[in-house]
Every structure is written in structure tokens, then in C-alpha cells.
Amino acid sequence: MNDTQRDQVRDPTFHNVELVTTDASGCEKTYPLTLRDTSGTGVGGMYIGKEVLNPKSDYILRDAGAGDRKVRIMWTKQVADFVLMLGMELADA
Numbered sequence: 080m081n082d083t084q085r086d087q088v089r090d091p092t093f094h095n096v097e098l099v100t101t102d103a104s105g106c107e108k109t110y111p112l113t114l115r116d117t118s119g120t121g122v123g124g125m126y127i128g129k130e131v132l133n134p135k136s137d138y139i140l141r142d143a144g145a146g147d148r149k150v151r152i153m154w155t156k157q158v159a160d161f162v163l164m165l166g167m168e169l170a171d172a
């Protein structure tokens, strides 16, 4: 990469959202999530935290820029202590 390319403005696709679900007592629980990529039918993200995300739960992806979208967790992979990569399918796609 040359110096001219380094001077270009970079717009990474990473941005922060919330993954929202409701616990057994009906209380809303939110998890911070960093999205890393999106497609027409799904999103990939990274969760940093101690709680386990249950793939069978119903989730809403709360994104200030795109509004709320229902998602299903399709896969997860723990890549480090308290770091979970996950793939989600848009429920209404």
C-alpha cells in the first residue's frame, strides 16, 4: 500500500449494536454486540461478555442506524475467554 492510499478515508463496516432478548421473568436483557459484516439474509458479529447466548432464544438486533430486526443465532464460536463470534439469520429475510 502506498502513502496516497493510506491518506484515504476508511469506513470500516464494524459498528456497535445491541442484541436484545427477554428473560424468563419477562425482563428485557441486552447484550453489546459488534457487527462485523452483513448480507441480505444475515449478519456476523462479536460478543464480549461472560453470559452464554442461547441460540434457542428469540432476539432483536437493535441498531440505531437500521432500526430493530428479528434475528436467530445460527452458529457461535468461542475464540478467546469471553469472546464469542456468532452468525445470525434475519428472521424476516
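Residue numbers (my numbering): 80 to 172.
Ideal Cβ placement from N, Cα and C applies to all residues, glycine included.
Based on the DSSP output, what are the partners of Val-150 in its beta bridges? Tyr-138 and Leu-169
Please state the DSSP three-state secondary structure of Ala-145. coil
Residue range of the unbroken beta strand (DSSP E) whose run includes Asn-95: It spans 94 to 101 - the beta strand (DSSP E) in which Asn-95 sits, taken as one unbroken run.
Just to confirm before moving on: does the CB-CB distance between Leu-169 and Arg-148 stay below 8 Å? yes
Identify, in the order they occur along the chain, each residue of the same chain with its Cβ nearer than 7 Å to the Cβ of Val-96, setting aside the five sequence neighbours on each side. Cβ neighbours of Val-96 within its own chain (closer than 7 Å, five residues either side excluded): Leu-112, Leu-114, Leu-140, Arg-141 and Asp-142.
Where does Glu-107 fall in DSSP's three states? strand
So, with DSSP's three-state summary, where would you put Arg-160? Note that residue 160 is Asp in the sequence shown here, rather than Arg. Reduced to three states, the DSSP call for Asp-160 is coil.
Would you say Ser-118 lies against chain D (beta-carbon separation less than 8 Å)? Absent from the structure: chain D. Only one protein chain is present.
Alpha carbon to alpha carbon, how far is His-94 from Gly-144? Give it in angstroms, no decimals. 10 Å
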